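Right, one structure below, let's go through it.
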Amino acid sequence: MICSKTVFRCFKALERLGDLITGAAGPYFLELYASVIDVVMPSLSYPWLSGPICALIAFNLLTHYYLVVTTNPGFRTHHCRMCNRCVLKYDHHCPVRINQCVGIYNERHFVLFMVHLCIATFCFCILGYPQLFESLGLTYEVSGWMAISCPRDMYILEYILSGVLCFAVGIMLMFQLWTISHGETSVESQDNDHYGRIAKSRGEVSLYTFIYWKLRNLQLFFNVGQGGCSFYTLIFPFRILL
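Okay, so the sequence shown: first residue is 1 according to full-length UniProt numbering, each after it adds one.
Have a look at this one:
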């Protein structure tokens with residue numbers, strides 16, 4: 001019992017340290033991202049077509065980030081030890097410069113922010129690999145764009161960070177969509193698994209109140225489909241309540 005408590009305290013300390021590091025690194029990553037926006041754009045094959053699409057992705061990314069930061073997540077139901085308050089439909093506390101809980105009023109914007117962040121970093125990695133080869137000296141064709149746009153080391157670092165971020169946030173996004181399709185938050189998913197095992201050990205069946213079919217759960221979460229808004233609200237960053 002004493003050993004398990006010690007291990008639990010160690011993990012809690014590591015969690016707080018991770019929150020501190022990621023929270024401090026968030027603004028610097030955004031600055032690095034902004035510093036290379038003009039790196040890939042000049043090399044696109046069809047700038048008249050791809051330029052507006054890139055601008056739309058960036059606009060969605062920034063707007064959903066702003067909305068998830070500034071929108072109050074709502075009250076009741078679950079207590080957050082970081083905010084020291086109760087939050088309705090509590091999912092988790094995000095320290096990476098959101099610095100508040102993700103709940104019923106801002107969870108939709110948080111998920112869409114992750115979607116557009118994955119799209120942006122994925123497109124950056126796919127479209128920016130020729131510049132990466134040039135930065136590493138693996139090509140003999142030197143265009144001279146990098147001497148004006150950004151240092152080579154900075155671009156290599158940004159490319160690596162974008163790849164890591166796309167992978168990590170992509171995994172988080174898949175888990176988030178999985179819990180949404182089951183009508184749960186991340187906290188409820190853990191609780192329901194725990195209560196389900198207890199019920200199974202007693203020979204009982206554990207039922208969850210808010211489970212519909214998976215597609216309907218996704219429609220209800222994003223407030224689209226039957227009785228909801230149009231699907232174009234997923235493309236443009238409108239302020240929509242659940």
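All residues carry an ideal CB built from backbone N, CA and C; glycine is no exception. All values reported here derive from a predicted model rather than from experimental measurement.
query                                                                                                                                                      : result
Report yes if the C-beta distance between L157 and H109 is below 8 Å; otherwise report no.                                                                 : no
Suppose the cutoff is 6 Å on Cβ atoms and the five residues either side in sequence are ignored; what does the same chain contact list for A168 look like? : none
Please report the distance separating the alpha-carbon of C229 from that of Y105.                                                                          : 16 Å
Suppose only complete runs of 4+ residues qualify. What are the alpha helix (DSSP H) ranges in the stretch 210-235, listed by chain order?                 : 214-222
Mind the definition here: the stretch 180-188 touches the stretch 123-134 only if three or more C-beta pairs lie below 8 Å; say whether that holds.        : no
Go to G170, then tell me how far its alpha helix (DSSP H) extends in each direction, as first and last residue.                                            : 152-181
Give me the residue from L61, P237, F221 with the minimum Cα distance to T179.                                                                             : F221
Taking the C-alpha atoms as reference points, what is the distance between F75 and V102?                                                                   : Because F75 carries a pLDDT of 49, less than 50, the predicted location of this residue cannot be relied on, and no value is offered for it.
Use the C-beta contact count for residue 244: other C-beta atoms within 10 angstroms, 16 or more gives buried, fewer gives exposed.                        : The displayed coordinates of the chain run from 1 to 242. Any statement about residue 244 would go beyond what the structure contains.
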